[in-house]
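Below is one structure, written out as structure tokens; comments come after it.
Number of protein chains: 2
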Amino acid sequence: MRATLMYGPGDVRVEDVRDSRVEQPSDALVRITASCICGSDLHPYHSMPAGSAPTHMGHEFIGVVEDTGSEVSTLRKGDLVVAPFAYSCGTCQFCRAGLQTSCEKGSFWDALPQEGGQAEAIRVPLADGTLFKLPVTPDSALMPSLLTISDVLGTGYHAAVSGGVTQGSTVTVIGDGAVGLLAVLSAKRLGAEQIILMGRHTSRTDLGCEFGATDVVAERGEEGVTKVRELTGGFGSHVVLEAVGHMPAYEQAFGVVRPGGTISRVGVPQYEEAPVGMTSLFGGNVTLTGGPAPSRAYMEELLPPILEGSIEPGKVFDATVGLDGVPQGYADMDERRSLKVLLKP
Amino acid sequence: MRATLMYGPGDVRVEDVRDSRVEQPSDALVRITASCICGSDLHPYHSMPAGSAPTHMGHEFIGVVEDTGSEVSTLRKGDLVVAPFAYSCGTCQFCRAGLQTSCEKGSFWDALPQEGGQAEAIRVPLADGTLFKLPVTPDSALMPSLLTISDVLGTGYHAAVSGGVTQGSTVTVIGDGAVGLLAVLSAKRLGAEQIILMGRHTSRTDLGCEFGATDVVAERGEEGVTKVRELTGGFGSHVVLEAVGHMPAYEQAFGVVRPGGTISRVGVPQYEEAPVGMTSLFGGNVTLTGGPAPSRAYMEELLPPILEGSIEPGKVFDATVGLDGVPQGYADMDERRSLKVLLKP
Chain A
2 MRATLMYGPG DVRVEDVRDS RVEQPSDALV RITASCICGS DLHPYHSMPA
52 GSAPTHMGHE FIGVVEDTGS EVSTLRKGDL VVAPFAYSCG TCQFCRAGLQ
102 TSCEKGSFWD ALPQEGGQAE AIRVPLADGT LFKLPVTPDS ALMPSLLTIS
152 DVLGTGYHAA VSGGVTQGST VTVIGDGAVG LLAVLSAKRL GAEQIILMGR
202 HTSRTDLGCE FGATDVVAER GEEGVTKVRE LTGGFGSHVV LEAVGHMPAY
252 EQAFGVVRPG GTISRVGVPQ YEEAPVGMTS LFGGNVTLTG GPAPSRAYME
302 ELLPPILEGS IEPGKVFDAT VGLDGVPQGY ADMDERRSLK VLLKP
Chain B
2 MRATLMYGPG DVRVEDVRDS RVEQPSDALV RITASCICGS DLHPYHSMPA
52 GSAPTHMGHE FIGVVEDTGS EVSTLRKGDL VVAPFAYSCG TCQFCRAGLQ
102 TSCEKGSFWD ALPQEGGQAE AIRVPLADGT LFKLPVTPDS ALMPSLLTIS
152 DVLGTGYHAA VSGGVTQGST VTVIGDGAVG LLAVLSAKRL GAEQIILMGR
202 HTSRTDLGCE FGATDVVAER GEEGVTKVRE LTGGFGSHVV LEAVGHMPAY
252 EQAFGVVRPG GTISRVGVPQ YEEAPVGMTS LFGGNVTLTG GPAPSRAYME
302 ELLPPILEGS IEPGKVFDAT VGLDGVPQGY ADMDERRSLK VLLKP
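One line per chain: the protein sequences are A and B, in this order.
What the first sequence shows, in my numbering, is residues 2 to 346, in sequence order.
What the second sequence shows, in my numbering, is residues 2 to 346, in sequence order.
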């Protein structure tokens with residue numbers, strides 16, 4: 002079968018690899034019908050350490066179940082399923098608490114060095130707990146939106162839920178990538194009154210406004226902080242959704258948050274240490290929350306509005322490629338010619 | 002009048018100073034009847050920068066209103082009052098939200114260079130918003146417990162409330178100082194099922210057990226983390242209440258917190274940067290919260306159980322001094338001969 006491998010910074014290749022197959026009794030083999038490239042795939046695309054082994058890429062996909070292990074009880078051949086970006090047992094205390102990214106048995110896809118979602122097929126461990134059945138056919142026009150519950154919508158929604166966005170909240174979203182835009186959509190869905198989107202790519206912030214942003218701040222750093230403070234009566238934002246992961250975004254976050262407010266991070270932090278002391282978080286009783294989204298936890302909730310058409314998160318996809326087009330898709334996302342690239346293997 | 006001033010590390014003096022008096026229309030002059038030395042007073046006692054001007058000390062006190070400015074409407078001469086460790090207007094959006102430490106007009110006592118609570122009298126700004134009337138006389142046997150709602154009980158309670166301690170929670174309290182012990186009492190009051198106290202001073206941890214600790218871990222660092230993990234089935238604690246403020250305590254906190262759990266800090270951080278990335282907070286969706294306690298917000302709630310005798314937070318005081326004894330009181334707390342020193346000016 003064909004699959005996407007990253008060999009190093011800027012070096013993505015589509016190659017023939019060993020066919021994925023059921024290996025464990027709890028596995029399912031899924032033939033992938035829709036997948037995509039993630040903003041977080043760009044982190045290794047920039048800084049994959051030299052000498053690393055080639056890595057199978059992709060962690061967001063929809064596909065058709067082709068085979069199941071002997072222990073799989075809820076899925077059968079032919080089911081159309083979507084996978085979250087972490088696999089999980091569905092039964093441990095963390096899964097039951099809706100924190101499948103901390104599942105006692107599960108992990109992220111990169112724990113499986115021979116599997117990836119930007120490929121023709123994939124072996125899915127703990128299939129009963131991981132996969133979520135979709136009540137449509139693979140040619141449904143809703144496919145782009147349904148694919149977002151695998152990661153980007155789940156992640157934006159996790160940011161907003163963890164941040165405690167509620168009726169009347171003032172929310173600032175940092176980052177106009179797909180996750181940032183879907184954090185806007187999520188904040189709107191949870192009742193936020195003012196949603197300030199910090200981003201400087203007009204085509205993206207326009208989509209952000211369509212998703213519910215009430216204000217756009219293109220300035221960054223101190224200038225951006227000042228602008229957000231002006232827009233919030235000088236007080237700052239109740240909730241800040243940080244969807245970037247770089248230190249300047251974190252600094253903007255504590256610059257614009259209101260005393261007693263919350264910074265919810267879903268951008269994978271590209272730093273380990275950060276300011277948390279008297280002048281950044283502590284003095285103003287600011288809460289820092291968030292983490293890898295347990296997107297599996299939100300699928301039941303996010304499916305109906307997509308099926309009804311009341312939200313259209315699939316609008317974040319602005320390009321579609323086949324497997325051959327994946328390396329170009331990475332380059333296009335990296336150079337911001339594409340917001341998010343859909344893959345039909 | 003006589004007041005306590007700090008001149009530098011280890012250098013605390015009681016001196017004759019200018020009498021405090023009403024200066025602004027919203028001020029009250031309070032004759033102090035009970036006050037104390039705070040664990041946080043030991044931070045400058047260790048590291049007050051050379052060349053600093055002498056600083057009036059003390060921010061926790063009970064006293065009798067002796068004079069009021071023309072705008073003060075809720076207090077009159079002779080009222081017995083307790084003050085929180087920040088003064089606040091009581092009417093701005095932050096005060097109304099119960100975050101008086103971020104009051105638009107208020108501040109901490111150290112913003113008033115001529116005033117301190119370890120003195121015979123003090124000028125209290127924004128007296129209507131700041132002071133809380135006590136329905137007892139100054140010679141009440143409840144005085145030590147009532148004094149704790151000024152800071153240490155309010156702070157321990159803030160840790161537990163901000164951390165989301167609830168029925169059945171597993172809680173780890175880091176620090177066996179007065180705040181840590183009252184964080185134990187607060188966690189118990191909020192229904193925590195397991196309360197692990199990390200501390201190595203037996204006389205203090207014994208009091209912690211009296212306040213509700215179910216386990217004591219004397220080990221620190223990695224050894225302590227391992228012990229707490231063992232006590233929590235390998236998973237760690239739902240909530241960690243960090244009542245120290247030094248980096249090793251922060252490191253213990255993220256070592257013992259469970260995925261999806263919360264670290265609530267009330268120890269004044271003696272660091273600005275700290276680990277918050279993938280391997281400390283983010284990866285496990287750990288929430289970091291807390292800050293200076295708005296103890297004013299909790300007074301209405303904490304007064305009744307003290308009056309009823311159902312909690313006895315005043316047990317944290319193990320020494321009483323007059324003003325002359327204050328310098329020795331600092332030394333005794335610094336060298337851990339005293340847990341917390343009560344002052345009767």
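We put the beta carbon where it would ideally sit given N, CA and C, even for glycine.
Here B:Glu61 is not near B:Ser187, since their CB atoms are 8 Å or more apart. Only those residues of the segment 283 to 298 of chain A whose C-beta falls short of 9 Å from the nearest C-beta of chain B are listed: Phe283, Gly284, Gly285, Asn286, Val287, Thr288, Leu289, Thr290, Gly291, Gly292, Pro293, Ala294 and Pro295.
Of the residues B:Ser21, B:Met7, B:Cys37 and B:Ala4, the one whose Cα lies closest to the Cα of B:Ala320 is B:Cys37. Apart from sequence neighbours up to five positions away, the residues of its chain that approach A:Lys228 with a beta-carbon distance below 7 Å are Val218 and Glu220, ordered along the chain. For the pair A:Ala184 and A:Gly157, the CB atoms are nearer than the 8 Å cut-off. Rounded to whole angstroms, the separation of the alpha carbons of A:Lys78 and A:Leu282 is 51 Å. The Cβ atoms of A:Pro293 and B:Gly284 sit closer than 8 Å to each other. The three-state secondary structure of A:Gly130, taken from DSSP, is helix. Among the residues of the segment 38 to 59 of chain B, none has a Cβ less than 9 Å away from any Cβ of chain A. Boundaries cannot be given for A:His60, as no alpha helix (DSSP H) includes it and DSSP labels it neither H nor E. Under the three-state reduction of DSSP output, A:Thr288 falls in the strand class. A:Val342 is the residue among A:Ala214, A:Val342 and A:Ser89 whose C-alpha sits nearest the C-alpha of A:Gly315. A Cβ of chain A is located within less than 8 Å of the beta carbon of B:Val277.
For B:Leu308, the uninterrupted alpha helix (DSSP H) run begins and ends at Ser296 to Glu309, by DSSP. Nearest CB-CB separation between B:Arg266 and chain A: below the 8 Å threshold. The segment 55 to 72 of chain B makes no contact with the segment 260 to 267 of chain B; the number of CB pairs closer than 8 Å stays below 3. When DSSP states are grouped into helix, strand and coil, A:Leu148 belongs to the helix group. Taking 8 Å as the CB threshold, B:Ala98 lines the interface with chain A.
Counting other Cβ atoms within 10 Å of its Cβ, A:Gly200 reaches 16 or more and is therefore classed as buried. Among the residues facing chain B, A:Tyr272 is included, as its CB has a counterpart in that chain under 8 Å away. The beta carbons of B:Pro270 and B:His159 sit about 15 Å from each other, so the pair does not count as a contact at 8 Å. The Cβ atoms of A:Ile33 and A:Pro346 lie closer than 8 Å to each other.
In the three-state reduction of the DSSP assignment, B:Arg19 falls in the coil class.
Scanning chain B for C-beta atoms nearer than 8 Å to the C-beta of A:Gly261 yields Phe95, Ala98, Leu100 and Ser103, reported in chain order. Contact annotation, B:Val317 with B:Val153: C-beta distance approximately 6 Å; criterion of less than 8 Å satisfied. The Cβ atoms of B:Thr92 and B:Val23 do not sit closer than 8 Å to each other. Within chain B, the residues whose beta carbon sits less than 8 Å from that of A:Ser281 are Glu273, listed in sequence order.
Look at A:Thr206 here: in three-state DSSP terms it is helix.
A contact is defined here as three or more CB-CB pairs under 8 Å, and the segment 95 to 108 of chain A fails this definition with respect to the segment 48 to 56 of chain A.
A distance below 7 Å between beta-carbons, with the five flanking residues on each side excluded, links A:Gly246 to the following residues of its chain, in chain order: Gly268, Val269, Pro270 and Gln271.
Contact annotation: the segment 4 to 16 of chain B touches the segment 112 to 121 of chain B, with at least three C-beta pairs closer than 8 Å.
Nearest to A:Val66 by C-alpha distance, out of A:Asp129, A:Ile197 and A:Arg14, is A:Asp129. The residues Gly237, Ser238, Val241, Ile264 and Val287, in chain order, have a CB closer than 7 Å to that of B:Val258 in the same chain once the five nearest residues on each side in sequence are set aside.
Check the Cα spacing between B:Ala112 and each of B:Glu121, B:Phe86 and B:Phe133: the tightest is with B:Phe86.
Beta-bridge partners assigned by DSSP to B:Met199: B:Ile175 and B:Val218. Look at the beta carbons and you see the segment 210 to 217 of chain A not touching the segment 296 to 303 of chain A: under three pairs across the two are nearer than 8 Å.
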